[in-house]
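Novice: So the sequence shown is numbered by our numbering: it starts at 9 and just counts up by one. Got a structure here, written out as structure tokens. Questions coming.
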Amino acid sequence: METPMGYGSMRRKEDARFIRGRGTYVDDVTLPGMLYGAVLRSPFAHARIVSIDTKAAEAHPKVRAVITGAILDGLKLAWMPTLSYDTQAVLATDKVRFQGQEVAFVVAEDRYAARDALELIDVEYEPLPAVVDARRALDPDAPVIRDDKDGKTDNHIFDWSSGDKDATDRVFSEAEVVVTQDVLYPRVHPAPLETCGAIADFDKVTGKLTIWCNTQAPHAHRTVYAMVAGLPEHKIRIISPDIGGGFGNKVGIYPGYVCAVVGSIVTGRPVKWMEDRSENLMSTSFARDYHMRGEIAATRDGKIRAVRVSVIADHGAFNGTAQPTKFPAGFFHVFTGSYDLEAAHCAVTGVYTNKAPGGVAYACSFRVTEAAYLIERMVDVLAYELGTDPAALRMRNLLRPEQFPYPSPTGWEYDSGDYPRALALAMDIAGYDDLRAEQAAQRERWAAGEVGGTLMGVGISFFTEAVGAGPRKHMDILGLGMADGAELRVHPTGKAVLRISVQSQGQGHETTYAQIVAEELGISPDDIEVVHGDTDQTPFGLGTYGSRSTPVSGAATAVVARKVRERARIVAGAMLEVSPEDLEWEKGRWFVRGDPDQGRTITEIALAAHSSLELPEGVEGHLDATTVYNPPNLTFPFGAYICVVDVDPGTGRVKVRRFVAVDDCGVRINPMIVEGQVHGGLADGIGMALMELIAFDPDGNCLGASFMDYLLPTSMECPSWELGATVTPSPHHPIGAKGVGESATVGSPAAVVNAVLDALKPFGVRHADMPLTPAAVWRAIQGAPLRTDLAIG
Ligand code: MCN
Ligand code: CUN
């Protein structure tokens with residue numbers, strides 16, 4: 009353990025309250041006179057609403073209000089904007105469009121009464137045919153879901169493409185080898201520990217609306233509410249207290265939040281709404297649901313030349329994806345992965361289906377997850393067809409260090425990287441050659457009919473992430489550019505308060521941002537308080553998602569600390585009666601160049617800055633500073649993962665024996681926190697690869713609405729992680745750091761799936777879609793077709 013000054017593996021400051029069970033989550037907050045809301049949800053995936061009778065519910069002695077879409081319509085609030093310039097029904101008026109959609113909202117004295125009263129609401133539905141398979145959504149006879157939109161006669165949302173189509177087609181037409189594979193990234197769910205919820209408190213006297221909400225983006229929420237309600241931002245305060253995991257699930261604004269606001273306006277009392285687990289799984293932002301066709305063009309000896317991709321993107325009934333405006337398919341651009349290509353092209357078509365809206369969330373880096381999974385599956389399919397070793401094939405095609413900064417074929421600039429070094433390190437930790445030797449011996453015995461046991465598989469993935477949105481000229485949400493503010497106040501005693509716009513959901517921001525200030529100023533991290541999660545107390549910024557906190561707010565923090573340091577230099581000059589230019593900085597103190605004994609510490613300088621010390625003309629005193637950081641580019645962390653599995657061909661059961669993960673996220677502020685982030689993401693990867701799935705039956709009934717059906721990985725399914733690190737600093741980030749929060753979720757599913765398919769090679773299985781449940785593996789072995797009765801591909 010390094011000293012608790014600056015960078016290093018110091019323990020998390022926030023854990024003092026978390027491990028004592030003293031965190032404050034939204035559901036811990038109780039306001040005087042608070043009422044409770046509950047949402048009535050649609051049992052149908054698609055149905056016309058004939059009538060809604062709320063009389064019996066209103067007559068319930070504990071009910072204070074029943075809100076329907078018709079009432080919201082009167083307030084012009086029945087529809088709200090989504091983060092993708094679509095509209096979403098707050099409460100359904102004309103039709104319900106997915107199972108679990110919000111239909112009415114009951115406000116009552118306690119949460120039990122609110123739930124009971126839901127049963128008293130009588131809704132008459134006229135069921136309509138539903139479309140749940142995105143590949144059928146554009147069929148001429150598919151029911152039109154969004155007939156609320158003027159002139160809409162189909163389920164098409166967008167067409168988007170990237171890369172050079174002609175150049176790509178040319179390479180394909182002359183290529184020695186072309187492999188094509190359909191790959192599904194099925195619908196999964198972020199499933200944070202704490203479900204979504206809000207307390208709205210509208211004060212009629214001051215006209216101020218306070219919303220306690222477990223959102224990842226408090227300032228963005230506030231401005232969206234301000235735009236919709238026509239209120240000034242300062243009349244809205246969003247308080248985002250401790251958050252029990254977000255994973256992207258808590259970026260958007262959900263109908264329940266708006267209903268709580270309306271409930272508070274109508275009743276004049278605070279209204280709390282907390283969804284339960286089934287509501288969270290059925291109705292809030294899901295992830296993935298990408299039907300992809302990938303093609304690779306290569307030479308016979310294994311040089312990858314071009315990649316061509318077409319995708320049908322299932323966005324559910326409302327386009328509620330949270331991603332920068334200009335990027336309808338997120339950052340899917342990085343489908344070219346980590347390889348040196350001549351050309352690449354992809355085309356994505358987004359469609360509506362009768363399923364819950366959303367489409368990005370779950371440690372996704374705006375669709376990098378799907379892109380990384382596809383290319384890494386494709387490279388293994390190519391290795392399968394060419395009969396080459398997947399590690400050697402990757403090593404041959406990885407970008408070389410001298411190619412950075414690398415202009416990608418889809419117009420992005422990867423900032424820095426040394427890919428072969430990371431892969432070599434992962435292979436070294438794994439003992440790759442020994443693993444292959446062990447496997448060869450096992451396969452020989454197996455082929456000779458000697459063993460009836462498990463078959464081992466070794467899977468590799470290499471990923472390039474793209475995190476840290478802006479710059480704001482390219483990246484905005486609803487016109488709000490992606491730049492983030494930071495404010496640093498230094499008290500007379502030299503202790504400091506940092507205010508930032510991003511919002512921790514468990515990533516340890518209170519610790520790591522204090523460490524950045526500590527590194528820059530030499531104040532102990534214990535003496536630096538990090539304030540976030542309250543729009544009345546923090547500068548504007550777009551919040552935490554796409555692993556953007558370190559690349560953007562981390563940079564802002566370093567920049568604002570450096571501003572403070574420069575102010576301190578002037579004060580130190582006055583204290584020492586020398587010109588500031590003659591001073592030099594070493595951790596925590598300015599001293600006279602050539603005379604190191606003549607110096608002043610930051611603590612001494614802070615007091616002097618607030619004292620009667622005479623400062624040069626025009627210098628204001630105090631050390632406080634503010635900044636706004638508009639990143640020049642994304643950061644591009646990367647990693648090499650190797651997974652070893654044992655598959656029981658008799659039952660299809662997969663056991664993950666080992667998992668080696670080498671991550672490069674540039675300079676690590678707190679290596680222990682980085683490793684924690686990687687651990688979590690690796691577990692996510694095992695979950696998605698082997699068990700997580702939100703499936704639907706043909707009528708659109710959600711089959712993943714509880715943790716009995718939606719399986720999450722536990723420590724039982726996870727091996728003891730074997731981590732390695734390389735450090736390639738980002739050249740444009742003030743401290744050389746890149747984001748890491750989503751890296752392992754992006755990189756690990758392909759390693760697990762590749763490992764399982766490597767184990768199944770003796771059976772001639774080239775590909776099978778996630779999740780590789782025992783049944784899916786068993787069916788793949790039997791050569792049986794995948795189930796077609798579920799709309800999962
Ligand atoms: N860090 C570091 N050195 C680096 C990079 C990061 O020490 N070079 C530290 C950071 O200072 C921060 C943590 O690692 O404490 C994650 O930083 P970063 O990669 O910037 O990611 P964010 O803080 O922006 O977190 C967002 C990311 C996303 S988008 C999802 S989704 C996700 C994830 O983080 N959700 C999480 N990790 C999660 N971890 C927890 N516990 N809970 C979630 O909901
Ligand atoms: Cu996409 S999940 Mo994270 O970016 O909040």
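Ideal placement from N, C-alpha and C gives every residue a C-beta, glycine not left out.
For Ala355, list the residues DSSP reports as bridge partners.
Specialist: Position 347 of the sequence shown, counted from the first residue, corresponds to residue 355. BP columns for Ala355 point to Ser169 and Ser318.
Novice: Quick check: is any heavy atom of the ligand CUN less than 7 angstroms from the C-beta of Gly256?
Specialist: Counted from its first residue, the sequence shown places residue 256 at position 248. Answer for Gly256: yes, Cβ within range of the ligand CUN.
Novice: When burial is assigned at 16 or more other CB atoms within 10 Å of the CB, is Arg453 buried or exposed?
Specialist: Here residue 453 corresponds to residue number 445 of the sequence shown, with the count starting at 1. So Arg453 counts as exposed.
Novice: To the nearest whole angstrom, what separates the beta carbons of Leu91 and Gly260, a pair I think is in contact under 8 angstroms?
Specialist: Within the sequence shown, the letter at position 83 stands for residue 91. Within the sequence shown, the letter at position 252 stands for residue 260. Indeed they touch by this definition, with Cβ atoms about 6 angstroms apart.
Novice: Straight-line CA distance for Leu719 to Ala752?
Specialist: On the sequence shown, position 711 is the one that residue 719 refers to. On the sequence shown, position 744 is the one that residue 752 refers to. So the two alpha carbons sit approximately 19 angstroms from each other.
Novice: May I ask whether a heavy atom of the ligand CUN can be found less than 7 angstroms away from the beta carbon of Tyr521?
Specialist: Locating residue 521 in the sequence shown gives position 513, counting from the first residue. No, Cβ of Tyr521 sits at least 7 angstroms from all heavy atoms of the ligand CUN.
Novice: In or out: Ala799 buried (at least 16 other Cβ within 10 Å) or exposed?
Specialist: Position 791 of the sequence shown holds residue 799. Below a pLDDT of 50, predicted positions are generally treated as unreliable, and Ala799, at 45, falls in that range; the measurement from the model is reported next regardless. Buried, since its Cβ has 16 or more Cβ neighbours within 10 Å.
Novice: What I want to know is whether the C-beta of His68 ends up closer than 7 angstroms to one or more non-hydrogen atoms of the ligand MCN.
Specialist: Indexing the sequence shown from 1 puts residue 68 at position 60. Not under cutoff, so the answer is no.
Novice: Which same chain residues, not among the five before or five after Leu711, have their C-beta less than 7 angstroms away from its C-beta?
Specialist: In the sequence shown, the residue the question calls residue 711 occupies position 703. So the list reads Ala703, Phe704, Asp705 and Asp717, once near-sequence residues are dropped.
Novice: Use the C-beta contact count for Pro263: other C-beta atoms within 10 angstroms, 16 or more gives buried, fewer gives exposed.
Specialist: Here residue 263 is taken as the residue at index 255 of the sequence shown, counted from 1. By the neighbour-count rule (16 or more Cβ atoms within 10 Å), Pro263 is buried.
Novice: In chain order, what residues of the same chain lie with their CB nearer than 6 angstroms to the CB of Lys503, ignoring the 5 residues before and after it?
Specialist: Taking the first residue of the sequence shown as 1, we reach residue 503 at position 495. Around Lys503: Asp535.
Novice: Give the DSSP-derived three-state secondary structure of Met464 in the structure shown.
Specialist: Position 456 of the sequence shown, counting from 1, holds the residue named residue 464. Residue state, collapsed to three classes: strand.
Novice: The ligand CUN and Cys372: does any heavy atom of the ligand fall closer than 7 angstroms to the residue's C-beta?
Specialist: By one-based count along the sequence shown, residue 372 stands at place 364. Yes - the ligand CUN has a heavy atom lying nearer than 7 angstroms to the Cβ of Cys372.
Novice: Run through DSSP, which three-state label would Ile578 get?
Specialist: Against the sequence shown, residue 578 aligns to sequence position 570. Reduced to three states, the DSSP call for Ile578 is helix.
Novice: When you measure from the CB of Ala745 to every non-hydrogen atom of the ligand MCN, does any distance come out below 7 angstroms?
Specialist: For the purposes of this step, residue 745 is taken as the residue at position 737 of the sequence shown. Under cutoff, so the answer is yes.
Novice: Under the DSSP definition of a beta bridge, which residues are partnered with Ser469?
Specialist: Here residue 469 is taken as the residue at index 461 of the sequence shown, counted from 1. Tyr649, per the DSSP bridge assignment.
Novice: Measure how close the beta-carbons of Gln189 and Gly276 come, nearest whole angstrom, since I'm counting them as under 8 angstroms.
Specialist: Residue mapping note: residue 189 aligns to position 181 of the sequence shown, counting from 1. Residue mapping note: residue 276 aligns to position 268 of the sequence shown, counting from 1. Rounded, the Cβ-Cβ distance is 59 angstroms, inconsistent with contact.
Novice: What is the DSSP secondary structure of Phe340, counted as helix, strand or coil?
Specialist: The count along the sequence shown starts at 1 and reaches residue 340 at position 332. Residue state, collapsed to three classes: helix.
Novice: Does the distance from the C-beta atom of Ile681 to that of Gly516 stay below 8 angstroms?
Specialist: Here residue 681 is taken as the residue at index 673 of the sequence shown, counted from 1. Here residue 516 is taken as the residue at index 508 of the sequence shown, counted from 1. Yes, they are a contact pair.
Novice: Could you spell out where the beta strand (DSSP E) holding Pro657 opens and where it closes?
Specialist: Counting from one through the sequence shown, the residue named residue 657 turns up at place 649. Note, Pro657: premise wrong, no beta strand (DSSP E); not H, not E.
Novice: Name the DSSP beta bridge partners of Tyr44, please?
Specialist: On the sequence shown, residue 44 is found 36 positions in, with the first residue counted as 1. Paired residue(s): Ala116 and Lys280.
Novice: Should the region 296-313 be regarded as contacting the region 268-275, the criterion being three or more beta carbon pairs within less than 8 angstroms?
Specialist: Output reads no: the region 268-275 does not touch the region 296-313.
Novice: I want to check one thing, is the minimum distance from the CB of Val686 to the heavy atoms of the ligand MCN below 7 angstroms?
Specialist: As a position in the sequence shown, residue 686 is number 678, starting the count at 1. Flag unset: Cβ of Val686 not near the ligand MCN.
Novice: For the alpha helix (DSSP H) that Lys63 lies in, which residues bound it at each end?
Specialist: Mapped onto the sequence shown, residue 63 falls at position 55. Lys63 -> alpha helix (DSSP H) spans Lys63 to Ala67.
Novice: Evaluate the contact criterion for the region 112-132 versus the region 58-72: three or more CB pairs, one atom per stretch, below 8 angstroms.
Specialist: These segments touch.
Novice: Between the alpha carbons of Val359 and Lys212, how many angstroms are there, rounded?
Specialist: Locating residue 359 in the sequence shown gives position 351, where the first residue counts as 1. Locating residue 212 in the sequence shown gives position 204, where the first residue counts as 1. Roughly 42 angstroms separates the two Cα atoms.
Novice: For Arg245 versus Asp36, is the C-beta distance shorter than 8 angstroms?
Specialist: Numbered from its first residue, the sequence shown carries residue 245 at position 237. Numbered from its first residue, the sequence shown carries residue 36 at position 28. Contact: no.
Novice: Indicate the three-state DSSP secondary structure (helix, strand or coil) for Arg497 in the structure shown.
Specialist: Stepping through the sequence shown from its first residue, residue 497 is reached at position 489. Arg497 falls in the strand class under three-state DSSP.
Novice: First and last residue of the alpha helix (DSSP H) that includes Leu698?
Specialist: The count along the sequence shown starts at 1 and reaches residue 698 at position 690. Pro679 to Leu698 is the extent of the alpha helix (DSSP H) around Leu698.
Novice: Do you know offhand how far Tyr392's Cα is from Tyr370's?
Specialist: By one-based count along the sequence shown, residue 392 stands at place 384. By one-based count along the sequence shown, residue 370 stands at place 362. For Tyr392 and Tyr370, the distance between alpha carbons rounds to 30 angstroms.
Novice: What residue range is occupied by the uninterrupted beta strand (DSSP E) comprising Val274?
Specialist: Residue mapping note: residue 274 aligns to position 266 of the sequence shown, counting from 1. First-last for Val274: Pro263 to Thr275, but that is the alpha helix (DSSP H), not the beta strand (DSSP E).
Novice: Where Ala582 and Ser532 are concerned, what is the direct C-alpha to C-alpha distance, given to the nearest angstrom?
Specialist: Within the sequence shown, the letter at position 574 stands for residue 582. Within the sequence shown, the letter at position 524 stands for residue 532. The alpha-carbon atoms of Ala582 and Ser532 are separated by roughly 25 angstroms.
Novice: Out of Gln331, Lys243, Lys173 and Ile743, point me to the one whose CA is closest to Ala351's CA.
Specialist: Position 343 of the sequence shown, counting from 1, holds the residue named residue 351. The shortest Cα separation from Ala351 among Gln331, Lys243, Lys173 and Ile743 belongs to Lys173.
Novice: Looking only at its chain, what residues have a beta carbon closer than 6 angstroms to the beta carbon of Pro757, apart from the 5 residues adjacent to it on each side?
Specialist: Translated into positions along the sequence shown, residue 757 becomes position 749. Here the set comprises Tyr381, Gly693, Met696 and Ala697.
Novice: Ala432: which of His299, His482, Glu700 and Ile650 sits nearest, CA to CA?
Specialist: Locating residue 432 in the sequence shown gives position 424, counting from the first residue. It is Ile650.
Novice: Rounded C-beta distance between Thr520 and Asn678? I'm assuming under 8 angstroms.
Specialist: For the purposes of this step, residue 520 is identified with residue 512 of the sequence shown, where counting begins at 1. For the purposes of this step, residue 678 is identified with residue 670 of the sequence shown, where counting begins at 1. Yes, they are in contact, since the Cβ atoms of Thr520 and Asn678 sit about 5 angstroms apart, within 8 angstroms.
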